[in-house]
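Chains as they are written, first to last, in my numbering: chain A, 95 to 421; chain B, 158 to 444; chain C, 23 to 265. Reviewing the structure listed below.
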């Protein structure tokens, strides 16, 4: 059984690696890169929201910081944007602490509300601050001055760059899952009071998860800026960015390792399709659909597709007679 | 100079009263069920569009607007409760938060799809114009909206404290099990609370339609305003929501007047964040 | 003295739920806390485990003042507790549940798994090692809670109505388990309604009524005291009626 699963996993990995070589058109290449980018952001969100159960509805703020700072670094000092990535991470971590520190000691939905409020606050400030481009936004280098500018014409280098970053995020998550922190986060999600009674320092671990999550989200934002070469407040700080991270993770399976990737593989093409199929009003329909999907997941299967898959697999493992009894 | 200031403050109070109206419903639900409704602002938005549809598409009179919004939103609230909230309440936190969040998106973008992004306003009707009260110019629609809102909020409070139904709602809010032992059906009461809260939001929306331009995405800001008001006033406290709503309205008006229109929302969100740091239980709540 | 509570008082607004409760528990004892509903024993229990902060008085464990310490600190010092309504981690397996407890003393994954397996074996849940907690019935969940807290290697274990909702056969097995735990050297304080349980397990019984301790001593003696009988509204405790 384990052998078959490993073979399947290997095949999937091979397909993912070979994707741009098989689908070599510009549209498909870009789509692939966007799927991976979405998976990175959702996987980052997943650490805090999926594993620790702390639902941030404003993760766009970290994404936006990650997108803006590198382009500001370019604008102010003509450095390659990539130099701004660690700086962006630091800013994101500071914001994360400012939000998490007061709210994690409170019982209730304060954290979630604080994330929307702060995200919106940042978006409004950035929209009205000419220094960072105001409502118009910022542009990165038009063409690559050196390879360090990471400004490629084709999507293929981006695809592999994003794949590498995704591998790192998933690797960290995998290691986390198996470590004490992973178990503690899941315990916090499952029952804070009980977790406390077993010695789990709840507030501290929530903060760890938040910092990890914010840092990776910031990197995702930076990758977006590198690929697209242009940012504006709505495209990186908007609520819809936060929404997408959540729905991608939740559809695939919040709290699972590959859930966000699966969610991204389904939702990003769906989004691109509905956006183009319905023209200008497209984004309306896309988000009606997203809203509906979120409600369905919440109502019927909060564990997402991974959970549905797990239950189906458990049914098939038993003998047919038992499967009938359970179903 | 001070006259203008008074005008600003009065205007803020009137708008704040409308905030209080829709926040009172939210605080009731929150106190009863500890469920956060991310879609509450979008219910207000639906109320606003109801007013628009009634007056502009259906050519109905102003008098129809309030009842139409109330009935429609009451129905929506009860439907949402039975269809989405009740099943999800027993589940994990992720599901609870996602459910109303998804609802918010769904409603918001359905409105976007139907009405598109451009702002619309209600036609100037018999209730237009300004009133000169000793040098202070009051916008008549705003005055009416504010007064109606205060009356209804007080009415909500009286409903809760002086009627049998109200005491049943409060009983479920205090101790669900004890209420069940007394023969009250918590399920029904919670559905009623959702209906009432949504109706209040709808009427508040209809009132706001008279003083604000209507757009599909206004729900997000309104939801946050409601959260701030509810947190400020203390969970479950309708009088708290009233006081907090009025205060937030004034703060907004003053911020806009002193610093510029952008600062309306910035002020509210900043207050919220500061409150979380300093006094999360609100003004009238207990820690 | 392993645990000392000095004059612990707890008010909820104007209502005094607990009034000056004193308790000493020596290392190795098994003490029962009983009393009618609303008598204050749960409030006292929560003050002992760190879920509530007393309005007045002190709680001292192993010569350390834990009056204001949070529950996490209690656990680290060696105080463990179970919950009246089992609070198992529903979507985690039995093993994973117990591992959360084990990680307190064994930060490494392999060591935590071994420690958890040992406790699971001891408690009799080995056959359900990989089952999700959600799939266990009430007796299973209660047993799992006990295993989970045992994995934190407590010196003092506080059981909150660990036997409520069990049928007589399950009660007998649970009593057996509690005896085993006690025999292994863990001091136990047990809050319980069911008389047979207290009478058969506790060496010493403390009786609460209306926020105060009204009696204390050997179970057989305490049930005869008029104040205690009156607190239970005149029903004879010797007939072992559940209250």
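We treat Cβ as the ideally placed atom computed from N, Cα and C, and that holds for glycine.
Can you give me the Cβ contacts of residue i inside the same chain, cut-off strictly under 7 angstroms, excluding the 5 residues immediately before and after it?
| i | result |
| --- | --- |
| residue 307 of chain A | 138, 139, 141, 142 |
| residue 286 of chain B | 297 |
| residue 293 of chain B | 160, 163, 164, 167 |
| residue 365 of chain A | 380 |
| residue 347 of chain B | 189, 190, 238, 329 |
| residue 300 of chain B | 171, 288 |
| residue 220 of chain C | 54, 56, 214, 227, 241 |
| residue 147 of chain C | 116, 165, 166, 169 |
Please confirm if residue i has its CB atom under 9 angstroms from at least one CB of chain B.
| i | result |
| --- | --- |
| residue 278 of chain A | no |
| residue 51 of chain A | There is no way to answer for residue 51 of chain A, as the model of chain A reaches only from 95 to 421. |
| residue 214 of chain A | yes |
| residue 229 of chain A | no |
| residue 403 of chain A | no |
| residue 210 of chain A | yes |
| residue 348 of chain A | yes |
| residue 241 of chain A | no |
| residue 400 of chain A | no |
| residue 226 of chain A | no |
Leaving out five residues before and five after residue i in sequence, what residues of the same chain have Cβ atoms less than 6 angstroms from its Cβ?
| i | result |
| --- | --- |
| residue 107 of chain A | none |
| residue 379 of chain B | 198, 201 |
| residue 212 of chain C | 54, 181 |
| residue 286 of chain A | 296 |
| residue 399 of chain B | 177, 310 |
| residue 124 of chain A | 249 |
| residue 62 of chain C | 39, 40, 230, 233 |
In terms of DSSP beta bridges, what is residue i paired with?
| i | result |
| --- | --- |
| residue 32 of chain C | C:40 |
| residue 89 of chain C | Partner(s): none; residue 89 of chain C has no beta bridge. |
| residue 179 of chain C | C:102, C:210 |
| residue 26 of chain C | C:46, C:82 |
| residue 54 of chain C | C:212, C:227 |
| residue 372 of chain B | According to DSSP, residue 372 of chain B bridges with nothing at all. |
| residue 238 of chain C | C:228 |
| residue 289 of chain B | B:294 |
I'd like to know if residue i contacts chain C, where contact means its C-beta is closer than 9 angstroms to some C-beta of that chain.
| i | result |
| --- | --- |
| residue 248 of chain A | no |
| residue 273 of chain A | yes |
| residue 285 of chain A | yes |
Any beta carbon of chain A sitting closer than 9 angstroms to that of residue i?
| i | result |
| --- | --- |
| residue 210 of chain B | no |
| residue 91 of chain C | no |
| residue 83 of chain C | no |
| residue 97 of chain C | yes |
| residue 193 of chain B | yes |
| residue 270 of chain B | yes |
| residue 165 of chain C | no |
| residue 131 of chain C | yes |
Counting only the same chain and skipping the five closest in sequence on each side, list residues whose C-beta sits under 8 angstroms from that of residue i.
| i | result |
| --- | --- |
| residue 154 of chain B | There is no way to answer for residue 154 of chain B, as the model of chain B reaches only from 158 to 444. |
| residue 289 of chain A | 278, 281, 282, 296 |
| residue 443 of chain B | Note that residue 443 of chain B scores 47 on pLDDT, short of 50, meaning its location in the model is unreliable; the coordinates nonetheless yield the value given after this. Closer than 8 angstroms at Cβ, skipping near neighbours: 391. |
| residue 244 of chain C | 227, 229, 237, 238, 250 |
If residue i and residue j are in contact, beta carbons under 8 angstroms, what's the gap, nearest whole angstrom?
| i | j | result |
| --- | --- | --- |
| residue 253 of chain C | residue 236 of chain C | 6 angstroms |
| residue 182 of chain B | residue 403 of chain B | 16 angstroms between Cβ atoms; not a contact. |
| residue 319 of chain A | residue 175 of chain A | 6 angstroms |
| residue 370 of chain B | residue 278 of chain B | 5 angstroms |
| residue 397 of chain B | residue 227 of chain B | Contact doesn't hold; Cβ gap of about 23 angstroms is too wide. |
| residue 405 of chain B | residue 176 of chain B | 6 angstroms |
| residue 446 of chain B | residue 386 of chain B | Outside the displayed range of chain B (158 to 444) lies residue 446 of chain B, so it cannot be described from this structure. |
| residue 132 of chain A | residue 371 of chain A | 19 angstroms between Cβ atoms; not a contact. |
Inset, instruction - Anything in the region 287–300 of chain A with a Cβ closer than 8 angstroms to a Cβ of chain C? List those residues in chain order, please. - result: Along the region 287–300 of chain A, the positions whose C-beta sits under 8 angstroms from a C-beta of chain C are 287, 288, 289, 290, 291, 292, 293, 294, 295, 296, read in chain order.
Inset, instruction - Could you please tell me which residues of the region 237–267 of chain B, in chain order, have their CB closer than 9 angstroms to any CB of chain A? - result: Those would be 240, 241, 244, 245, 248, 249, 250, 251, 252, 253, 254, 255, 256, 257, 258, 259, 260, 261, 262, 263, 264, 265, 266, 267, in chain order.
Inset, instruction - Quick one: which residues of the region 368–396 of chain A get their C-beta closer than 8 angstroms to a C-beta of chain C? List them in chain order. - result: Those residues of the region 368–396 of chain A that come within reach of chain C (Cβ to Cβ, closer than 8 angstroms) do not exist; the list is empty.
Legend entry - Where the region 102–119 of chain C meets chain A: residues whose CB sits under 8 angstroms from a CB there: Flagged, chain order: 102, 103, 105, 109, 110, 111, 112, 113, 114, 118.
Legend entry - Residues from the region 170–201 of chain C in contact with chain A, defined by Cβ distance under 9 angstroms: So the close ones are 170, 171, 173, 174.
Legend entry - Residues within the region 412–438 of chain B neighbouring chain A, beta-carbon criterion of under 8 angstroms: From the region 412–438 of chain B, only 419, 422, 423, 426, 427, 429, 430, 433, 434, 437 have a Cβ closer than 8 angstroms to chain A.
Legend entry - chain A contacts made by the region 365–397 of chain B, where a contact means CB separation under 7 angstroms: Answer set for the region 365–397 of chain B: 377, 381, 384.
Inset, instruction - Return the residues of the region 185–201 of chain A that lie within a Cβ-Cβ distance of less than 7 angstroms from chain B, sorted by chain order. - result: Near chain B, meaning a CB-to-CB distance below 7 angstroms, the residues of the region 185–201 of chain A are 196, 197, 200.
Inset, instruction - Anything in the region 150–162 of chain C with a Cβ closer than 7 angstroms to a Cβ of chain A? List those residues in chain order, please. - result: Here the close residues number zero.
Inset, instruction - Could you please tell me which residues of the region 336–363 of chain A, in chain order, have their CB closer than 9 angstroms to any CB of chain B? - result: Taking 9 angstroms as the Cβ-Cβ cut-off, the region 336–363 of chain A approaches chain B at 337, 340, 341, 344, 348, 349, given in chain order.
Legend entry - Chain-ordered residues of the region 312–331 of chain A with a beta carbon less than 8 angstroms from chain B: Only those residues of the region 312–331 of chain A whose C-beta falls short of 8 angstroms from the nearest C-beta of chain B would be listed, and there are none.
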